[in-house]
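See structure below.
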Amino acid sequence: MLRYFLRRLLSLAVSLIASSLVIFAVIEVVPGDPASYMLGLNASPETVAALRDTLGLEGSPPERYLAWAGGMLTGDFGISYTYKVPVADLVADRLAVSLPLTLYALALSTIIALPVGLIAAARRGTATDLGIMGATQLGIAVPNFWFAMLLVLLLAVRWQVFPAGGFPGWEAGLWPGLVALTLPAVALALPQASILARVLRSALLETLGQDYIRTARAKGLSRRQAILGHAFRNALIPVLTILGMQFSFLLAGAIIIENVFYIPGLGRLIFQAITQRDLIVVESVVMLLVFAVILVTFLVDLGYAAIDPRLRRRA
Amino acid sequence: MTLLSVENLSLAIHGTPILSDVSFRMEEGEVFGLVGESGSGKSLTALSLMQLLPNGSDVMGRAVMGGRDLLELSEQAMCKVRGAEIGMIFQEPMTALNPMQRIGDQVAETLIVHGRATRSVAARVAREKLDRVGLAAERFPLSLYPHELSGGQRQRVSIALAVALRPRLLIADEPTTALDVTTQAQILDLLKGLVAEERMAMLLITHDLAVVAGIADHVAVMRKGRIVEADRTEALFRTRGHDYTRRLFAASSHVPARQPQTRAEPLLEVRGAVREYLLPRPSPFAPHPKLRAVDGVSFTLSEGESLGLVGESGSGKSTLTRAVLGLDEVQGGRIRLLGRDVHADRRMPDDLRAAMQVVFQDPYGSFDPRWKVERLVAEPYHLTGRPADWRARVAAALEEVGLEATDAQKYIHEFSGGQRQRIAIARALIARPRLIVLDEAVSALDVRVRAQILDLLAALQESHGLAYLFISHDLSVVRAITDRVMVMKAGRIVEEGATEKVFADPAHDYTKTLIAATPVIPAEWMNGGTDARDAVV
Amino acid sequence: MRGGLALGAALASVALLAAAVSAVWTPYDVTALAIAEKLREPSAAHLLGTDHFGRDILSMLMVGARTSIAVALVAVGIGMGVGVPLGLLAAARRGGWLDEVIMRGNDLVFAFPSLVIAILITAVFGPSAVNAILAIGIFNIPVFARVTRGGALSLWTLDYIRAAQVAGKGRALISVEHILPNILNLLIVQGTIQFSLGILAEAGLSYVGLGAQPPTPSWGRMLAEAQTMVTLAPHVAIFPGLAIVLTVVGLNLMGDGLRDLLDPRLRRAR
Numbered sequence: 001m002l003r004y005f006l007r008r009l010l011s012l013a014v015s016l017i018a019s020s021l022v023i024f025a026v027i028e029v030v031p032g033d034p035a036s037y038m039l040g041l042n043a044s045p046e047t048v049a050a051l052r053d054t055l056g057l058e059g060s061p062p063e064r065y066l067a068w069a070g071g072m073l074t075g076d077f078g079i080s081y082t083y084k085v086p087v088a089d090l091v092a093d094r095l096a097v098s099l100p101l102t103l104y105a106l107a108l109s110t111i112i113a114l115p116v117g118l119i120a121a122a123r124r125g126t127a128t129d130l131g132i133m134g135a136t137q138l139g140i141a142v143p144n145f146w147f148a149m150l151l152v153l154l155l156a157v158r159w160q161v162f163p164a165g166g167f168p169g170w171e172a173g174l175w176p177g178l179v180a181l182t183l184p185a186v187a188l189a190l191p192q193a194s195i196l197a198r199v200l201r202s203a204l205l206e207t208l209g210q211d212y213i214r215t216a217r218a219k220g221l222s223r224r225q226a227i228l229g230h231a232f233r234n235a236l237i238p239v240l241t242i243l244g245m246q247f248s249f250l251l252a253g254a255i256i257i258e259n260v261f262y263i264p265g266l267g268r269l270i271f272q273a274i275t276q277r278d279l280i281v282v283e284s285v286v287m288l289l290v291f292a293v294i295l296v297t298f299l300v301d302l303g304y305a306a307i308d309p310r311l312r313r314r315a
Numbered sequence: 001m002t003l004l005s006v007e008n009l010s011l012a013i014h015g016t017p018i019l020s021d022v023s024f025r026m027e028e029g030e031v032f033g034l035v036g037e038s039g040s041g042k043s044l045t046a047l048s049l050m051q052l053l054p055n056g057s058d059v060m061g062r063a064v065m066g067g068r069d070l071l072e073l074s075e076q077a078m079c080k081v082r083g084a085e086i087g088m089i090f091q092e093p094m095t096a097l098n099p100m101q102r103i104g105d106q107v108a109e110t111l112i113v114h115g116r117a118t119r120s121v122a123a124r125v126a127r128e129k130l131d132r133v134g135l136a137a138e139r140f141p142l143s144l145y146p147h148e149l150s151g152g153q154r155q156r157v158s159i160a161l162a163v164a165l166r167p168r169l170l171i172a173d174e175p176t177t178a179l180d181v182t183t184q185a186q187i188l189d190l191l192k193g194l195v196a197e198e199r200m201a202m203l204l205i206t207h208d209l210a211v212v213a214g215i216a217d218h219v220a221v222m223r224k225g226r227i228v229e230a231d232r233t234e235a236l237f238r239t240r241g242h243d244y245t246r247r248l249f250a251a252s253s254h255v256p257a258r259q260p261q262t263r264a265e266p267l268l269e270v271r272g273a274v275r276e277y278l279l280p281r282p283s284p285f286a287p288h289p290k291l292r293a294v295d296g297v298s299f300t301l302s303e304g305e306s307l308g309l310v311g312e313s314g315s316g317k318s319t320l321t322r323a324v325l326g327l328d329e330v331q332g333g334r335i336r337l338l339g340r341d342v343h344a345d346r347r348m349p350d351d352l353r354a355a356m357q358v359v360f361q362d363p364y365g366s367f368d369p370r371w372k373v374e375r376l377v378a379e380p381y382h383l384t385g386r387p388a389d390w391r392a393r394v395a396a397a398l399e400e401v402g403l404e405a406t407d408a409q410k411y412i413h414e415f416s417g418g419q420r421q422r423i424a425i426a427r428a429l430i431a432r433p434r435l436i437v438l439d440e441a442v443s444a445l446d447v448r449v450r451a452q453i454l455d456l457l458a459a460l461q462e463s464h465g466l467a468y469l470f471i472s473h474d475l476s477v478v479r480a481i482t483d484r485v486m487v488m489k490a491g492r493i494v495e496e497g498a499t500e501k502v503f504a505d506p507a508h509d510y511t512k513t514l515i516a517a518t519p520v521i522p523a524e525w526m527n528g529g530t531d532a533r534d535a536v537v
Numbered sequence: 001m002r003g004g005l006a007l008g009a010a011l012a013s014v015a016l017l018a019a020a021v022s023a024v025w026t027p028y029d030v031t032a033l034a035i036a037e038k039l040r041e042p043s044a045a046h047l048l049g050t051d052h053f054g055r056d057i058l059s060m061l062m063v064g065a066r067t068s069i070a071v072a073l074v075a076v077g078i079g080m081g082v083g084v085p086l087g088l089l090a091a092a093r094r095g096g097w098l099d100e101v102i103m104r105g106n107d108l109v110f111a112f113p114s115l116v117i118a119i120l121i122t123a124v125f126g127p128s129a130v131n132a133i134l135a136i137g138i139f140n141i142p143v144f145a146r147v148t149r150g151g152a153l154s155l156w157t158l159d160y161i162r163a164a165q166v167a168g169k170g171r172a173l174i175s176v177e178h179i180l181p182n183i184l185n186l187l188i189v190q191g192t193i194q195f196s197l198g199i200l201a202e203a204g205l206s207y208v209g210l211g212a213q214p215p216t217p218s219w220g221r222m223l224a225e226a227q228t229m230v231t232l233a234p235h236v237a238i239f240p241g242l243a244i245v246l247t248v249v250g251l252n253l254m255g256d257g258l259r260d261l262l263d264p265r266l267r268r269a270r
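Set out below in structure tokens:
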């Protein structure tokens, strides 16, 4: 177990270093001089030099990379060129909205998908199963931001059950915050729940064909007992894989869907930064997103070991 | 007392008839052998009794046990029967247990699901049962997972969970087919002991006549979904009343007529071959331990000779075979064919590779399903260049192995297992090799097909002056087709000599164990009768 | 399930046909503005109504189909063109350092969702439809590499591969002659799935302004423009969304149908 953990940890570190190198190369090396890129063509050499100085963009690329990476390790993400405040503070504010939204959606998606997938597999071939398969087929195909627009149209404009957008901030209290995030979370969660339910169903059906299910049935377990007692846990491995991938889809989806609801999250921050050529902000936010994906991969790997004894103990 | 009475059991799956009018009776406490070739319907007979058939099955007839017709019971009632009154074990121990659950829990579950015990009591019973099947507490705590056990040990766990509630009937579906011969002998002993001790009846399903001979009270022979003959074991073995039974027996002990062809020139020389694998590190910074799969093996195979290599799984014979074939490089020693070095890369010239061809075990995995037979058979021409008349040669090779020239235009899925092995032999012959490596080449075949393939191999050896390296775990096959035999264990050749001498008078303890463990039909049962001179087929 | 395949093929063909026809004919000119006609409900003159510039929505959808399909298709091409050879190479050298390098590289690319790739490219080079193609295409590479490697690995253990080795064939030749044809099924199915995901991704990227730029019509951009007037004229937002949903459902049904049709296990059972 310890060896497995250490190996995963090492792989986490290597992925972080490799991805930060890629991001650094794209943002700071490919465009030539980032300072003159940010200021545009008409900037005088003096202003460019001044900006380079404020942003700490002097030195050779390796030196700058080390300074940037070292800064991030200590929580220093640099200064935003447009906002003139530390990027770390900017990002922290926005993350306090985007991260809860993503986790909210992930929780919703899991809570919906698990029972739906189980029921579809247990009632394979029945009308219930066909209905679920049809509904999830549609769910997969719906772009979440369009679904969000329809939700706003119905639940916020026509029936006025939910606010149409905006975010009161967590200072207003937990409940108003959650209410504001509910429609976006639902819009994000339903398509992902469709995928997850289908994956669980097919994983369960695959598992149900295994020899050990026949052994369990020969012991006297009913089909239902065999599904819950034996198939479910074995089917969790592919489900966990998809769950990990969903996190990154949800995070990306959250960035897009914040536009529909005018929610001040990472998405709004990064699109403003792109239009204003605030490369330092873009660089930090992208690194943060990639870090989140890599971290989730690491957690999923630990999850495999928690589920599967073959990874935990090597004979 | 009759325990189970099966009357006119018929089964169709999606409209295809599988079983017709299967009837037999089992007495309390007896061992009943159900014998047949693959596809005869013997396993589906058992699954019918358990109501564990695939979807789309349509069963008719009766199977009365304890005054109730099992086939009529509701699913709910059947759940109470399974595991409690009828236990069942299956062929494949590697996949029969839930990989995510501790073995103790898997045994205890039988008791818990039937409401016969609380968790703590069930755990205690599970311990007793595992002790009884030979998995003692010190080495095999309840907390082990299946992947920490060998195949034979897993089969013991399967037995423990099947007999945990002392069912009156145990169904064993090919319980030892996937196991090595020494493990098979232990498992059969265990089953025999359990049946006697618990006054349990056993329905033993197997393709192996010798296995039933040693254990069953009654035997029924199945063919194409019907029982062709049933009797007390000894009586059935002695009289062999039905024509099919006679052919089955003749094939199972068939020895092809062959003359030793050995010439004095050495063809393949292996000297001190070593092949190691790295194992996972025991701790994060320890060096990789090494497994010596092949540990200093030396032997010589002469032109025209038929040399056997026997060993159980893990003995290193597959690793040695790969090295001989030039698929893996040896790490020590050398392998020479026709006096030239065998290598796993470009250093081994094509014409040398062409001198050695191979036939593998699995008739289904041996051919690219997207290629026509003519292209498959002609593949070794890659080594020699394709002659202008290659189509004629492929046709000739197909005819030589007993197929039609027109078969060249077909795809492989149109052929049966036996026909595929013939095509594999045609492919091995096409480049006119001096040596053919037969890697478990007849192990996956039914006995009658196996006898035919052995005859074909004997004939080809004579007509082409071929040498064979015959690798098998099956001692009787090796005895039938080789001049000389080597016994391999833990990477070493422990005994080597003329086949008849080794089998009649083994010198090494391991060889003795192997031979003793191999089930045989008592010789006196086989004498007399009418079949001794019957043709195979 | 044959019905699913037929329905899927029909839906996907409608989208393809609309895209093809739009190259030579659309009911109205999508570049001409007609403010007087703006935000008309569906009618005989404008089957799906008009947008805030008075442009015909049906015509816009047809031209938008061209953008969506072209982006998704080229992205699948990039993914296959790079991913499949990498996957074959990794499988042929399984367990070796090359396999390790390719697979770790794959993991690295997997850590960048296509949206993040698009953000990176756009931040440096500015937004365009080509960005969307590149972003989705790069994201597809590890997907195809993994599918190819996985399928190839299970084939490499088979005896017919060993037979080919005994016949003196090298890894490259075996990969081309034996492996690739036998994983083609997998690749076709995965290609259909990535095609439909590509359409969704393109819509998302165009919606946030990282994809096709004005005046190129695209389904995602139509939705972005519709957003501000969704309460006034819902049809402006509904039809582009429906176009996406139907096309994606069609492609997914086709993928499922093809998988059932091409799966040799299922075929043998039939």
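Chains as they are written, first to last, in our numbering: chain L, 1 to 315; chain A, 1 to 537; chain G, 1 to 270.
Note that CB positions come from ideal geometry on N, CA and C, so glycine has one too.
As the structure is a prediction and not an experimental result, all values here were calculated from the model.
Could you give the C-beta distance for A/Asp474 and A/Ala498, rounded to a whole number, given that I count them as a contact under 8 Å? Incorrect: roughly 19 Å between the Cβ atoms, too far for contact.
Among A/Gly134, A/Asn98 and A/Ala405, which residue has its Cα nearest to the Cα of L/Arg233? For L/Arg233, the closest alpha carbon among the candidates A/Gly134, A/Asn98 and A/Ala405 is that of A/Asn98.
L/Phe147 and L/Ala156: beta carbons closer than 8 Å? It is not a contact, given that the beta carbons lie outside the stated cut-off.
Same chain, Cβ closer than 7 Å to A/Thr321, five either side skipped, listed in chain order: Excluding the 5 residues flanking it on each side, A/Thr321 has same chain C-beta neighbours closer than 7 Å at Val437, Asp439 and Ile471, in chain order.
Tell me, please, whether the CB atom of G/Arg270 is closer than 8 Å to any CB atom in chain L? Per-residue confidence for G/Arg270 stands at a pLDDT of 32, beneath the threshold of 50, marking its modelled position as unreliable; the derived number appears in the next sentence. Not a single C-beta of chain L is nearer than 8 Å to the C-beta of G/Arg270.
What are the uninterrupted segments assigned as beta strand (DSSP E) that are 3 or more residues long and contained completely in the region 307-331 of chain A, given in chain order? Complete beta strand (DSSP E) runs here, min 3: none at all.
Does L/Ala252 have its Cβ less than 8 Å from a Cβ in chain G? Using beta-carbon distances, L/Ala252 counts as an interface residue toward chain G, with a partner under 8 Å.
Under the DSSP definition of a beta bridge, which residues are partnered with A/Gln357? Beta-bridge pairing links A/Gln357 to A/Ile436.
Within the continuous alpha helix (DSSP H) that includes A/His218, where are the two ends? Counting along the chain, A/His218 falls outside any alpha helix (DSSP H), though it belongs to the beta strand (DSSP E) covering His218 to Arg223.
Which residues, in order along the region 242-270 of chain A, keep a beta-carbon less than 7 Å from a beta-carbon of chain L? Contacts with chain L (Cβ-Cβ distance below 7 Å) from the region 242-270 of chain A involve no residue at all.
Please state the DSSP three-state secondary structure of A/Val401. Coil, per DSSP.
Helix, strand or coil for A/Ala201? Go by DSSP, reduced to three states. Three-state DSSP puts A/Ala201 in a strand.
Within 8 Å (strictly less), CB to CB, does L/Tyr4 reach chain A? Not closer than 8 Å to any Cβ of chain A, the Cβ of L/Tyr4 fails to qualify, so no.
Give me the chain A residues within the contact set of L/Arg310, using Cβ-Cβ distance strictly less than 8 Å, ordered along the chain. By Cβ distance, chain A contributes Pro99, Tyr145 and His147.
So what does DSSP say about L/Phe261, is it helix, strand or coil? It is helical.
Buried or exposed: L/Leu106, going by 16 or more other Cβ atoms within 10 Å of its Cβ? That one is buried.
Could you tell me which chain L residues have their CB closer than 8 Å to the CB of A/Thr110, listed as they occur along the chain? Here the neighbours are Lys219 and Gly220.
Looking only at C-alpha atoms, which of L/Ser19, L/Arg277, L/Arg7 and L/Asp89 sits nearest to L/Ala35? L/Ala35 has its Cα closest to that of L/Arg277, out of L/Ser19, L/Arg277, L/Arg7 and L/Asp89.
Could you tell me whether the region 416-434 of chain A touches the region 373-390 of chain A, using the rule of 3 or more Cβ pairs below 8 Å? Yes, the region 416-434 of chain A is in contact with the region 373-390 of chain A.
Per DSSP, the bridge partner or partners of A/Pro17: A/Ala12.
Quick check: what's the CA-CA separation for L/Pro86 versus L/Leu302? The straight-line gap from Cα to Cα measures roughly 34 Å.
Would you say L/Gln160 lies against chain G (beta-carbon separation less than 8 Å)? Interface with chain G (8 Å Cβ-Cβ cutoff): L/Gln160 is excluded.
Flag this pair as touching only if the region 133-151 of chain G and the region 219-238 of chain G have three or more C-beta atom pairs under 8 Å; answer yes or no. As far as the Cβ criterion goes, the region 133-151 of chain G does not touch the region 219-238 of chain G, which means the pair count is below three.
Chain A residues whose Cβ lies nearer than 7 Å to that of L/Tyr212: Contact of L/Tyr212 with chain A by beta-carbon distance below 7 Å involves Thr95, Ala96, Leu97 and Asn98.
Measuring only the C-alpha atoms, how far is A/Val518 from L/Leu205? Per the sequence shown, the amino acid found at residue 518 of chain A is Thr instead of Val. Computed Cα separation, rounded: 40 Å.
Looking at the secondary structure, which residues open and close the beta strand (DSSP E) in which A/Tyr468 lies? Its beta strand (DSSP E) spans residues Ala467 to Ser472.
What residues from the region 101-132 of chain G come within 9 Å of chain A, judged by C-beta to C-beta, listed N to C? For the region 101-132 of chain G, which is checked against every Cβ of chain A, not one residue is closer than 9 Å.
Burial state of L/Trp170, where buried means 16 or more other Cβ atoms lie within 10 Å: Per the 10 Å Cβ criterion, exposed.
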